[in-house]
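In the numbering used here, the protein residues as written are 55 to 120. For reference, the structure is listed below as structure tokens.
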């Protein structure tokens, strides 16, 4: 799969001018494997899971949950 991704990026973008490729997810190994395939890539926790974990960690605080 990652070979197809890097081919797509190479066809549509100038790889030499890309500073960072962000791989967003909740940490499964198949997403992190992309770090080995994509140059200048960094893994970040995606917004959905970040919010989920923050709400889980702070949900017990009265008046702080939306």
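The beta carbon of each residue, even a glycine, is placed where N, CA and C say it ideally should be.
Item                                                                                                                  : Value
Considering only their Cβ atoms, is the gap separating residue 85 from residue 79 smaller than 7 Å?                   : yes
Which residues does DSSP list as the beta-bridge partners of residue 59?                                              : Note: residue 59 sits in no beta bridge, so no partner.
For residue 104, does the count of other Cβ atoms within 10 angstroms reach 16, so buried, or fall short, so exposed? : exposed
Would you call residue 92 buried or exposed, if buried means 16 or more other Cβ atoms sit within 10 Å of its Cβ?     : buried
Roughly how many angstroms lie between the CA atoms of residue 106 and residue 74, to the nearest whole one?          : 25 Å
Based on Cα-Cα distance, which residue from 88, 96 and 98 lies nearest to residue 55?                                 : 88
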